[in-house]
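Student: Chains as they are written, first to last, in my numbering: chain A, 3 to 330; chain B, 3 to 330.
Questions regarding the structure given below will be posed in turn.
Number of protein chains: 2
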Amino acid sequence: MKKFINHVDQVLHESLSGLQAAHADILTVHFDPTFVRRTAPRPGKVALISGGGTGHEPLHAGFVGKGMLDAACTGQVFTSPTPDQMLAAAESVHTGAGVLFIVKNYAGDSMNFQMASEMLDIENAIVMVNDDVAVQNSTHTTGRRGVAGTLVVEKIVGAAAETGLDLAQCKAVGDRVNRATASMGVAFTSCTVPAAGRATFDIDDDEMEFGVGIHGEPGRRREPVRPAQAIVDELLDCILTDLNPAPGANVLLHVNGFGATPLMELYLLHHCAGKTLAARGVNVVRSLVGNYTTALDMAGASLTVTLMDPELLQLWDAPVRTASLNWS
Amino acid sequence: MKKFINHVDQVLHESLSGLQAAHADILTVHFDPTFVRRTAPRPGKVALISGGGTGHEPLHAGFVGKGMLDAACTGQVFTSPTPDQMLAAAESVHTGAGVLFIVKNYAGDSMNFQMASEMLDIENAIVMVNDDVAVQNSTHTTGRRGVAGTLVVEKIVGAAAETGLDLAQCKAVGDRVNRATASMGVAFTSCTVPAAGRATFDIDDDEMEFGVGIHGEPGRRREPVRPAQAIVDELLDCILTDLNPAPGANVLLHVNGFGATPLMELYLLHHCAGKTLAARGVNVVRSLVGNYTTALDMAGASLTVTLMDPELLQLWDAPVRTASLNWS
Numbered sequence: 003m004k005k006f007i008n009h010v011d012q013v014l015h016e017s018l019s020g021l022q023a024a025h026a027d028i029l030t031v032h033f034d035p036t037f038v039r040r041t042a043p044r045p046g047k048v049a050l051i052s053g054g055g056t057g058h059e060p061l062h063a064g065f066v067g068k069g070m071l072d073a074a075c076t077g078q079v080f081t082s083p084t085p086d087q088m089l090a091a092a093e094s095v096h097t098g099a100g101v102l103f104i105v106k107n108y109a110g111d112s113m114n115f116q117m118a119s120e121m122l123d124i125e126n127a128i129v130m131v132n133d134d135v136a137v138q139n140s141t142h143t144t145g146r147r148g149v150a151g152t153l154v155v156e157k158i159v160g161a162a163a164e165t166g167l168d169l170a171q172c173k174a175v176g177d178r179v180n181r182a183t184a185s186m187g188v189a190f191t192s193c194t195v196p197a198a199g200r201a202t203f204d205i206d207d208d209e210m211e212f213g214v215g216i217h218g219e220p221g222r223r224r225e226p227v228r229p230a231q232a233i234v235d236e237l238l239d240c241i242l243t244d245l246n247p248a249p250g251a252n253v254l255l256h257v258n259g260f261g262a263t264p265l266m267e268l269y270l271l272h273h274c275a276g277k278t279l280a281a282r283g284v285n286v287v288r289s290l291v292g293n294y295t296t297a298l299d300m301a302g303a304s305l306t307v308t309l310m311d312p313e314l315l316q317l318w319d320a321p322v323r324t325a326s327l328n329w330s
Numbered sequence: 003m004k005k006f007i008n009h010v011d012q013v014l015h016e017s018l019s020g021l022q023a024a025h026a027d028i029l030t031v032h033f034d035p036t037f038v039r040r041t042a043p044r045p046g047k048v049a050l051i052s053g054g055g056t057g058h059e060p061l062h063a064g065f066v067g068k069g070m071l072d073a074a075c076t077g078q079v080f081t082s083p084t085p086d087q088m089l090a091a092a093e094s095v096h097t098g099a100g101v102l103f104i105v106k107n108y109a110g111d112s113m114n115f116q117m118a119s120e121m122l123d124i125e126n127a128i129v130m131v132n133d134d135v136a137v138q139n140s141t142h143t144t145g146r147r148g149v150a151g152t153l154v155v156e157k158i159v160g161a162a163a164e165t166g167l168d169l170a171q172c173k174a175v176g177d178r179v180n181r182a183t184a185s186m187g188v189a190f191t192s193c194t195v196p197a198a199g200r201a202t203f204d205i206d207d208d209e210m211e212f213g214v215g216i217h218g219e220p221g222r223r224r225e226p227v228r229p230a231q232a233i234v235d236e237l238l239d240c241i242l243t244d245l246n247p248a249p250g251a252n253v254l255l256h257v258n259g260f261g262a263t264p265l266m267e268l269y270l271l272h273h274c275a276g277k278t279l280a281a282r283g284v285n286v287v288r289s290l291v292g293n294y295t296t297a298l299d300m301a302g303a304s305l306t307v308t309l310m311d312p313e314l315l316q317l318w319d320a321p322v323r324t325a326s327l328n329w330s
């Protein structure tokens with residue numbers, strides 16, 4: 003294993019310390035229990051809290067800040083954070099309008115956030131994200147997995163909360179975005195968890211994992227690598243079958259790299275996906291291309307499509323200022 | 003070779019088409035000759051043009067837009083663009099205040115931009131960037147290489163041009179930033195050029211290339227991987243020996259990933275570098291962490307330090323709106 007680390011036990015602490023130092027104007031890191039919080043939560047706004055295992059950076063800590071999350075609870079690599087982190091984060095950032103937890107659907111995250119939700123003495127609700135159409139149940143999941151579409155939920159609900167929507171309304175927006183979002187990806191290589199010290203899975207030099215999860219979990223099948231256009235076409239087939247867009251539907255297209263795929267290839271995927279969506283009568287009205295929901299050093303990528311309406315479009319376009327998503 | 007491509011010959015065209023589709027509000031791609039231009043150049047402003055081989059994305063095309071570059075000339079992967087691209091880009095974006103070429107110091111780029119500079123019938127100048135302190139001459143270079151510090155030059159000169167500085171003043175700012183900037187990096191893995199189809203170099207499972215270039219060129223030596231803090235300390239030793247900062251100097255610290263290194267590790271490097279710089283009496287007043295000057299799918303990272311003064315700080319902080327660097 004070749005990684006920039008000092009001791010395996012210190013990876014999370016040192017990485018979060020660097021995040022804090024690099025973005026002191028946006029976020030503050032709290033240790034023991036560990037969470038990343040917006041430096042200046044806005045009074046009277048619903049507090050948005052997400053989190054999960056680390057190793058998916060910039061998700062979620064890179065999305066803490068104005069227009070997006072109020073806090074992110076960070077577990078060890080690929081390991082759910084615990085309820086004490088969620089409770090401490092909620093106490094730290096809530097300002098009286100309640101707390102909305104945005105949770106990726108994995109067994110550990112789901113259980114821990116549910117527990118925190120029940121224990122928390124503040125009005126709260128959960129949006130469960132399950133955008134991955136690859137598999138129905140998987141290694142770590144009952145039901146579909148939450149993957150790169152989580153960013154879309156966090157961005158749009160983040161903007162909704164800034165406009166003053168209340169807890170129930172924010173939850174409704176989040177659930178609506180989740181239903182309007184579908185994702186699926188492929189992996190060319192495995193990833194290496196620092197504490198494990200070796201690749202999560204083996205894969206041949208000419209193979210890809212079709213429908214892979216963001217922890218390297220199996221997808222639908224293992225098969226030889228195909229040209230980019232063929233990969234994109236099958237991913238979009240699965241995604242559009244799930245979303246069933248009306249003719250002329252407007253969508254957000256998010257091409258997400260899993261960590262080790264060059265940006266050059268991600269833009270090439272966007273080109274292929276744009277052609278296919280146009281041919282199927284779907285309009286790409288917004289795009290996001292980059293490594294946002296990663297699996298450490300995995301080579302691969304996913305496509306996410308969100309059906310947009312004027313309200314969601316306005317919320318997507320609203321200003322955001324975080325470490326890794328920033329526009330005005 | 004596992005990559006998201008259709009045909010090796012079409013990689014650049016399809017990738018640039020995706021870039022254009024994803025960022026139509028910011029940039030326009032011109033083909034034959036190929037360059038990426040700001041959609042709306044600002045009349046009366048010095049036109050800034052950079053470029054080089056592709057494979058380093060987001061550098062340079064991802065930095066075209068308000069507050070940074072007016073155009074980027076894109077060669078094939080790791081191959082210099084040609085003078086006809088530079089001339090066409092200059093004709094396309096100049097608005098009467100002259101053209102400043104920002105060029106990384108490699109033999110091909112230097113020769114081609116010099117040729118374009120001489121052929122161009124518009125007042126122009128060149129800023130040559132050579133921030134890499136690893137080696138004096140190298141595989142593709144006479145003199146030091148231009149690496150991740152190029153982003154710093156492009157950002158600061160971009161802001162200077164927006165304030166109305168003339169061509170000579172913009173060149174002076176660029177030369178000054180280049181002199182105030184030093185970089186050095188290490189690689190854990192090679193990269194794979196699509197047209198070559200195999201790794202650029204071989205490296206053992208426990209080795210790193212210390213002082214690597216952004217095309218996988220050799221650095222100072224091959225050696226066993228060391229803890230992150232030890233790597234950072236030696237990189238900073240080389241960088242600070244070159245810059246010789248005064249006690250209490252203010253600096254920008256840019257931690258750059260070469261493409262396949264997780265953001266988690268880049269922030270960990272920032273933490274290590276921050277500790278060492280503090281111990282040496284250097285203040286980190288601005289930070290940039292991420293994969294900005296890449297070498298395709300190479301795992302590794304570089305550190306860049308720029309000595310900042312109040313003028314440079316103001317220019318660094320000025321608004322920028324490009325595909326990959328965006329703040330207000």
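In this text, a Cβ means the ideal position worked out from N, Cα and C, and glycines have one as well.
1) Apart from the five residues just before and just after Arg282 of chain B, which ones in its own chain have a Cβ nearer than 7 Å to its Cβ?
2) Return the chain-ordered ranges of every beta strand (DSSP E) run that is complete within the stretch 118-153 of chain B and spans a minimum of 3 residues.
3) Kindly indicate which residue of B:Leu167, B:Val48, B:Met186 and B:Gly176 has the alpha-carbon position closest to the one of Gln138 of chain B.
4) Can you tell me whether Arg200 of chain A is buried or exposed, with buried defined as 16 or more other CB within 10 angstroms of its CB?
5) Who are the Cβ neighbours of Ser119 of chain B in its own chain at under 7 Å, not counting the five residues just before and after it?
6) To which residues of the same chain is Val38 of chain B closer than 6 Å at the C-beta, ignoring the five residues directly before and after it?
7) Just grab the DSSP bridge partners of Thr183 of chain B for me.
8) Would you say Ile7 of chain B reaches chain A, if we count a Cβ-Cβ gap shorter than 8 Å as a contact?
9) Exposed or buried, what is Met300 of chain B when buried is set at 16 or more other beta-carbons lying within 10 Å of its beta-carbon?
10) Distance cutoff 8 Å, beta carbons only. Does Pro60 of chain B sit that close to anything in chain A?
11) From the DSSP output, read off the bridge partner residues of Asn258 of chain A.
12) Could you list the residues in the stretch 15-42 of chain A with a C-beta less than 8 Å from some C-beta on chain B, going in chain order?
13) What would DSSP say about Gly98 of chain A, mapped onto helix, strand or coil?
14) Return the first residue and the last residue of the beta strand (DSSP E) that Gln78 of chain B is part of.
15) Name the DSSP beta bridge partners of Thr278 of chain B, please?
16) Along the beta strand (DSSP E) that carries His32 of chain B, what are the first and last residues, could you check?
17) By alpha-carbon positions, which one of B:Gly218, B:Thr194 and B:Pro226 ends up nearest to Asp2 of chain B?
18) Quick one: give me the first and last residue of the alpha helix (DSSP H) that Ser19 of chain A is part of.
19) On a Cα-Cα basis, can you pick out the residue from B:Leu298, B:Val291, B:Phe260 and B:Ala248 that is closest to Ala280 of chain B?
20) Given this structure, state the Cα-to-Cα distance separating Ala189 of chain B from His96 of chain B, to the nearest angstrom.
21) Ends of the beta strand (DSSP E) at Leu50 of chain B?
22) Applying the 10 Å Cβ sphere with the 16-neighbour rule, what's the burial state of Arg147 of chain A?
23) Look up Asn252 of chain B in the DSSP assignment and say whether it is helix, strand or coil.
24) Would you kindly work out how many angstroms separate the C-alpha atoms of Ala77 of chain A and Pro35 of chain A, rounded to a whole number?
25) Return the Cβ separation of Lys157 of chain A and Leu327 of chain A in integer angstroms, given the expectation that the two are a contact with Cβ distance under 8 Å.
26) Can you tell which of A:Pro85, A:Arg181, A:Asp168 and A:His9 has the C-alpha that lies nearest to the C-alpha of Asn132 of chain A?
27) Would you kindly work out how many angstroms separate the C-alpha atoms of Leu122 of chain B and Gly100 of chain B, rounded to a whole number?
28) Starting from Phe103 of chain A, follow its DSSP beta bridges and name the residues at the other end.
29) Inspect the CB distances between the stretch 301-311 of chain A and the stretch 249-259 of chain A and report whether three or more fall short of 8 Å.
30) Reducing DSSP to helix, strand and coil, say where Glu209 of chain B ends up.
31) For a contact meaning CB atoms closer than 8 Å, what does Ala73 of chain A contact in chain B?
Tutor: On the basis of the supplied data:
1) Leu242
2) 126-131
3) It is B:Met186 whose Cα lies nearest to the Cα of Gln138 of chain B.
4) So Arg200 of chain A counts as exposed.
5) Once the five neighbours on either side are set aside, the close Cβ partners of Ser119 of chain B are Phe103, Asn126 and Ile128.
6) So the list reads Leu29, Val31, Ala63, Val66 and Ala74, once near-sequence residues are dropped.
7) B:Thr308
8) The beta carbon of Ile7 of chain B sits closer than 8 Å to some beta carbon of chain A.
9) buried
10) yes
11) A:Gly292 and A:Ser304
12) Glu16, Ser17, Leu18, Ser19, Gly20, Leu21, Ala23, Ala24 and His25
13) coil
14) Ala73 to Val79
15) DSSP output for Thr278 of chain B lists no bridge partner at all.
16) Leu29 to His32
17) Outside the displayed span of chain B (3 to 330) sits residue 2 of chain B, for which this structure offers no information.
18) Val13 to Ala24
19) B:Ala248
20) 38 Å
21) Ala49 to Thr56
22) buried
23) Correct three-state label for Asn252 of chain B: strand.
24) The question names Ala, but residue 77 of chain A is Gly in the sequence shown. Going from the Cα of Gly77 of chain A to the Cα of Pro35 of chain A covers about 10 Å.
25) 7 Å
26) Of A:Pro85, A:Arg181, A:Asp168 and A:His9, the residue nearest in Cα terms is A:Arg181.
27) 10 Å
28) Beta-bridge analysis with DSSP links Phe103 of chain A to A:Ile51 and A:Ile128.
29) yes
30) strand
31) Under the 8 Å cutoff, chain B gives no residues; its nearest Cβ is about 18 Å from Ala73 of chain A.
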